[in-house]
Amino acid sequence: MKESRRTKRMQAHHKRRKDRNAVLNMVSLMDIFTILVFFLLVTSSDSNTLPSTKSLKLPASTADKMPKKTLVVMVNDRDIRINGKLIVTVRQALNNNKSVIPELALSLIQYAKKEKSKKKRYDITIMGDKKIPYKLLKKIMLTSAGTRYANISLAVVQKNVSVKSAGKN
2 MKESRRTKRM
12 QAHHKRRKDR
22 NAVLNMVSLM
32 DIFTILVFFL
42 LVTSSDSNTL
52 PSTKSLKLPA
62 STADKMPKKT
72 LVVMVNDRDI
82 RINGKLIVTV
92 RQALNNNKSV
102 IPELALSLIQ
112 YAKKEKSKKK
122 RYDITIMGDK
132 KIPYKLLKKI
142 MLTSAGTRYA
152 NISLAVVQKN
162 VSVKSAGKN
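Below, the structure is given as structure tokens:
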């Protein structure tokens, strides 16, 4: 049987295409990965969690508000830290007869100078171990309030509590 011109042309076309390797367009794939990386960077930097440390056991509470990004003072049974940097030991802070902790006050004043805004009161979060003495917590709070960090939040572990309505028993 005689082949038509169209058939001959299609066979020649297929022979030419057989020699070439398949090509994958990577531009679209790279665009998708770039968008994915930017998304992950943006969402990971805007987290609402406090720094975690194994040396602290926070008290439990039924608090509903999520923490804001603030300056964090961490207090355990050995030392007082600001954003992970050692400021003073607990023993030194408790042995001081003053109502404020001078080393902590100096550090908080330095952090206040670094703030970009000129607010009168700054926010601070105190992450204190649940076994620290109240006297120490009070000194930290008085020191913070005296150095323009008067909006004090206490970090706690949120616990789920089932609430019964008043009318039902």
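Take the position in the sequence shown, starting the count at 1, then add 1; the result is the number in this note's numbering.
The beta-carbon is built from N, C-alpha and C at its ideal position, and this holds for glycine as well.
- [ ] Determine the extent of the alpha helix (DSSP H) in which methionine 142 is found, giving its start and end residues.
- [x] According to the DSSP assignment, methionine 142 belongs to the alpha helix (DSSP H) that extends over 135-147.
TODO: Measure how close the beta-carbons of lysine 136 and leucine 109 come, nearest whole angstrom, since I'm counting them as under 8 Å.
DONE: Rounded, the Cβ-Cβ distance is 19 Å, inconsistent with contact.
Open item on the list: Can you find the residues in the same chain that come closer than 8 Å, C-beta to C-beta, to methionine 142, ignoring five residues on each side of it along the sequence?
Closed with: Ile127 and Ile153
- [ ] Answer with buried or exposed for serine 118, where buried requires no fewer than 16 other C-beta atoms within 10 angstroms of its C-beta.
- [x] Here serine 118 is exposed. Its C-beta has fewer than 16 other C-beta atoms within 10 Å.
Open item on the list: Quick check: what's the CA-CA separation for valine 74 versus isoleucine 33?
Closed with: Rounded to the nearest whole angstrom, the C-alpha separation of valine 74 and isoleucine 33 is 40 Å.
Task: With 16 other Cβ atoms within 10 Å as the buried cut-off, status of lysine 121 - done: exposed
Task: glycine 85, buried or exposed, once every other Cβ within 10 Å from all chains shown has been counted against 16 - done: exposed
Task: asparagine 96 (DSSP reduced to helix, strand or coil) - done: Note: asparagine 96 maps to helix in three-state DSSP.
Task: Where serine 29 sits in the DSSP three-state scheme - done: helix
Task: Bridge partners - threonine 35, DSSP secondary structure assignment - done: DSSP lists no partner for threonine 35.
Task: Bridge partner(s) assigned by DSSP for serine 154 - done: Thr126
- [ ] Give the C-beta separation of arginine 82 and isoleucine 88 to the nearest angstrom, bearing in mind that I take them to be a contact with Cβ-Cβ under 8 Å.
- [x] 6 Å
- [ ] Using beta-carbon positions only, say whether alanine 113 and threonine 144 come within less than 7 Å of one another.
- [x] no
- [ ] From the DSSP output, read off the bridge partner residues of threonine 86.
- [x] The residue asked about is misnamed: residue 86 is lysine in this sequence, not threonine. Note: lysine 86 sits in a beta bridge opposite Ile83.
- [ ] Starting from valine 76, trace the beta strand (DSSP E) both ways and give me its first and last residue.
- [x] 72-76
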